[in-house]
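A.B. asks:
In this note's numbering, the protein residues as written are 107 to 352.
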């Protein structure tokens, strides 16, 4: 049984189809990438899976149980954690306390000492053990993203949603972020990620889904997707439209 099943899911806003009839499955331990030009429905799809939005049609199952329409805190308790492109840690709290907050909303209940030990382990995992006592407001962008990831992992998720985790990072930071994501996947974490840095997504993912105008237009291994005429047309078309006209 797949860990995640998205079956013919649709969502519209004022007659505009943000996501239309999208279906896919995600196996436990898989890293699946979602790509597409701006406005293709990627964020809406993430919001539907994470509970920020309810679908107009279709089903979303986690471990065989229907989660479509559940509020975010209940979906988190079922085992889905999410990071956001714009990270917003609790600025006045330490890095350690930020991770402890994540622990409150997850699947596992623990004693205070157990929760602190796990938070320290996660900070070490993402490379922030030396900054555990610093207020989040003093962290750099890459470190705030690492903190966001540790906070998501503190919920003990079955499935991790990464929403443009590498947005705003320089090349060295991007490489560091890729190493961290690859480590999580190697250790068995199931990951669904949206990313605008196409080469990074291609390098990390075993399988890629491409969205355009809310519809799935391609799915498969990265080399096959990169060579798909529909994908090439969408990206070249988006590139042409973004160029200034003479």
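Quick reminder that beta carbons are idealized off the backbone N, C-alpha and C, glycines included.
In this text, all values refer to a predicted model and were calculated from it rather than measured experimentally.
Please state if the CB of residue 174 and the CB of residue 267 are separated by a distance shorter than 8 angstroms.
C.D. replies: Cβ distance not < 8 angstroms, so residue 267 and residue 174 don't count as in contact.
A.B. asks: Measure the C-alpha to C-alpha separation of residue 312 and residue 303 and round it to an integer number of angstroms.
C.D. replies: If you take the alpha carbons of residue 312 and residue 303, they lie about 16 angstroms apart.
A.B. asks: Going by CA-CA distance only, name the one from 239, 290, 196 and 280 that's closest to residue 263.
C.D. replies: Out of 239, 290, 196 and 280, 290 has the C-alpha closest to the C-alpha of residue 263.
A.B. asks: Where residue 193 and residue 251 are concerned, what is the direct C-alpha to C-alpha distance, given to the nearest angstrom?
C.D. replies: When rounded, the distance between both Cα atoms is 6 angstroms.
A.B. asks: Report the CB separation of residue 139 from residue 301 in whole angstroms; it is logged as a contact under 8 angstroms.
C.D. replies: Contact flag correct, Cβ pair sits at about 7 angstroms.
A.B. asks: Under 8 angstroms: do the segment 272-279 and the segment 225-244 share three or more Cβ pairs, one atom per stretch?
C.D. replies: Because the criterion of three Cβ pairs below 8 angstroms is not met, the segment 272-279 and the segment 225-244 do not touch.
A.B. asks: Give the list of continuous beta strand (DSSP E) stretches no shorter than 3 residues that lie fully inside the segment 230-301.
C.D. replies: Listed in chain order, they are 265-269 and 296-300.
A.B. asks: So who's on the other strand from residue 172, going by DSSP bridges?
C.D. replies: Per DSSP, 167.
A.B. asks: Jot down the residue ranges of each uninterrupted beta strand (DSSP E) in the segment 177-202, minimum 3 residues, whole runs only, in chain order.
C.D. replies: The segment 177-202 contains these whole beta strand (DSSP E) runs: 186-189.
A.B. asks: So, helix, strand or coil for residue 325, using DSSP?
C.D. replies: Strand.
A.B. asks: Give me, in chain order, the residues of the same chain whose beta-carbon lies closer than 8 angstroms to that of residue 248; leave out the 5 immediate sequence neighbours on both sides.
C.D. replies: Closer than 8 angstroms at Cβ, skipping near neighbours: 275, 279, 282 and 283.
A.B. asks: Out of 315, 245, 288 and 166, state which residue places its alpha-carbon closest to the alpha-carbon of residue 116.
C.D. replies: It is 166 whose Cα lies nearest to the Cα of residue 116.
A.B. asks: Does the separation of the CB atoms of residue 178 and residue 158 fall below 8 angstroms?
C.D. replies: Yes, they are a contact pair.
A.B. asks: Can you check which of these residues, 328, 182 and 162, is closest to residue 121 by C-alpha distance?
C.D. replies: Closest by alpha carbon: 162.
A.B. asks: Cα-Cα, which of 137, 133, 186 and 171 is closest to residue 153?
C.D. replies: With distances taken between Cα atoms, residue 153 lies closest to 186.
A.B. asks: To the nearest angstrom, how far is it from the Cα of residue 133 to the Cα of residue 110?
C.D. replies: Taking the straight line joining both Cα atoms gives about 7 angstroms.
A.B. asks: Between which two residues does the beta strand (DSSP E) harbouring residue 216 extend?
C.D. replies: First-last for residue 216: undefined, no H or E at that position.
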